Each structure stands twice: as structure tokens, then as C-alpha cells.
Amino acid sequence: MPIIDTHCHYNLEPLYSGQPFCFKIKADDPLTKLRWQDHWQAAQKKGVQKSIIVGPGLSSSKKALEIAATDKNLYASVGIHPERTNKIINLAQAKLELASLAQNDRVVAIGETGLDYFYLQTNDQEEITKTKLRQKELFIDQIKLAVKLRLPLILHVRDKEEKAYYETLKIIEQYWAFDRALIFHCVSGPLDYVKKALEYKNSYFGFDGNITFQKAENIRTIFKLVQKTDPQKILLETDAPYLAPEPYRGQVCEPQMITVLANYLEKNCQANLLAIYQNSLCAFKLA
Ligand SMILES: [Zn+2]
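Numbering follows this note's numbering, in which position 158 of the sequence shown is assigned residue number 144; successive positions increment by one, without gaps.
Printed below as a string of C-alpha cells:
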């Protein structure tokens, strides 16, 4: 079964060069011996035909371009993740750099960008307000960049409450052109939000390994809703090295694990994998 991984991070550790990074990998873990090329090969053996490598920051976006330059079936998305906002000292400079990276002909999308209020500290209101404003500024800038270059936009939205979800829709409705794919990556959030997003022209919904988690009933409900309303909008993603599906939850997600997700969706949610493959080609205009 041909598969396209529409959101993965060969550009992040430990996939990129076997460095432990934030996962608790011991020095003698076999993963430390592997490089992104090994993971890509393993994924291809499992039927992955194409992958989109997403940049959550400027340096990882550069790595995504470097990787995508080596194989015509690897593509890059360049962007700045909302959680990285506070690590950026000079926003204006970062915007310019991103715009310049986006000129590369291996770029098929802008992102991941959006709003993420999930880990915001609650004790310092002033700091929270500042962070949210910076997130919004970078988000709007990336929307404008994608509109200008007529590229798809990959959204990352997360919140413990409903706020970030509805604020995202408000910003999208104000700035997005709706003439290219708008991808709700690793979709989550209230059902009314998803229903609204489903009404948008060219919207897509990315599903990841977390749909297999026991307590992820909400994501399974979202999947069923999209499947019932507009199955042409379903995409498969790993978000590797994050979100390994069951039974690998908590471990490093290797891109080849997308078959675990695909099999799960086929068996438990009656997903049509061939149709999803076509959706991915269509969303990113891949040949
Ligand atoms: Zn990601």
C-alpha cells in the first residue's frame, strides 16, 4: 500500500544523526547508530513513497531543505512553530530569514505555524500576554508568506482550553486566501471547531499515532466526523520522532511506524488508505 507521510521530522534528533535530544535514549541504544537516511530507507521498505519534512524552526527548516535536496521524493516545509516563539530574539530578522528559505524549490508548504497555549505558565499574566502576541505575529506573518508564494499552510494548534483553536480560526478567516491547502496538522480540539474547519475550502486534517492511544476518543471522533463529511480531507502523518503509535507510545517514533497507524485506521476506522494517498498528492500538489 503506497503511503505518504505528510508531516515528519527527519531534520530533528534523534532521527537526524542519532543524538539523544529530548528522548531518554541510552548511549548504547541502536537508534544512536542510525541517521536520517537509515530511517528513510526503512520507511520506504514499508511502502512510504514520499515524505514531507517539516521545520519547526529556522535551523531545522534549513536541515529539511538539505535533506529534501537529496531525493525527489522528499519535500520540505519551512516555518516557525509557535512554541519556538520565545526562543527568537529578533522577530523581524527571523521573518526575513524564513522568507528567504521559502524561496527554495524543494519547499511545498509553509509551517508548522499556529497557536500553542498548552504549556503556557499561568502565574505571570503579563508574560502570557506577551507570548501570545508574539505567537500571533509570527503566525500572521507565515500566513501572509504562504499566501504570497501560493503555498499550502501547515497549522499546529494546541490548547488545554478552547481559546487557541477559535483564535486560530479567526486569524485564518482574516488572512488566509483559501486557494491552497490548509492543513490542520495533528488535529485536536472541540468538535465545533473541526466542523467549522471542515467547511473551509481546501482544508485537510492530519492524523497521527496519538489516535491509537487508549484515551484518544476525541481524536477518533474527529476522524469519524471527517471521514463521514469529507474523506478527501484526511491525511496521514507520523510527526516522527514524536507521537509513536501504540504499542510504542513514549518511545521515539520512527517514520516507518506510519504503517502501524495506517493498519490501525484501516482496521478500526475503515479508512481507505489508497484514497488517503491520493488526498496527500492533491493537498501538496505532488507529482
Ligand atoms: Zn511536527
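We put the beta carbon where it would ideally sit given N, CA and C, even for glycine.
Computed from a predicted structure; not experimentally measured.
Sheet register partners of residue i (DSSP bridge)
| i | result |
| --- | --- |
| residue 125 | BP columns for residue 125 are empty, so no partner. |
| residue 280 | Nothing can be reported for residue 280: it is not among the residues displayed for the chain, which extend from -13 to 273. |
| residue 151 | In the DSSP output, where bridge partners are listed per residue, residue 151 has none listed. |
| residue 60 | 37 |
| residue 95 | 63 |
Residue from the options whose Cα sits closest to the Cα of residue i
| i | options | result |
| --- | --- | --- |
| residue -2 | -13, 33, 47 and 122 | 47 |
| residue 16 | 41, 259, 240 and 269 | 240 |
| residue 179 | 148, 187, 194 and 243 | 148 |
| residue 222 | 5, 269 and 80 | 269 |
| residue 125 | 243, 69 and 105 | 69 |
| residue 32 | -4, 176 and -13 | -13 |
| residue 249 | 272, 207 and 194 | 194 |
| residue 116 | 27, 71 and 25 | 71 |
| residue 182 | 134, 154 and 57 | 154 |
| residue 238 | 2, 9, -5 and 256 | 9 |
| residue 92 | 40, 99 and 177 | 40 |
| residue 246 | 29, 0, -5 and 264 | 29 |
| residue 261 | 218, 86 and 273 | 218 |
| residue -10 | 18, 271, 272 and 263 | 263 |
Whole-Å CB distance - residue i paired with residue j, under 8 Å assumed
| i | j | result |
| --- | --- | --- |
| residue 150 | residue 102 | 7 Å |
| residue 50 | residue 37 | The pair is not a contact, with the Cβ atoms about 10 Å apart (cut-off 8 Å). |
| residue 139 | residue 162 | 7 Å |
| residue 206 | residue 174 | With a Cβ gap of about 12 Å, residue 206 and residue 174 do not count as contacting. |
| residue 208 | residue 224 | Incorrect: roughly 18 Å between the Cβ atoms, too far for contact. |
| residue 53 | residue 22 | 6 Å |
Helix, strand or coil at residue i [DSSP, three-state]
| i | result |
| --- | --- |
| residue 209 | helix |
| residue 180 | helix |
| residue -8 | strand |
| residue 168 | strand |
| residue 9 | coil |
| residue 4 | coil |
| residue 87 | helix |
| residue 221 | strand |
| residue 192 | strand |
| residue 216 | coil |
| residue 23 | helix |
| residue 199 | coil |
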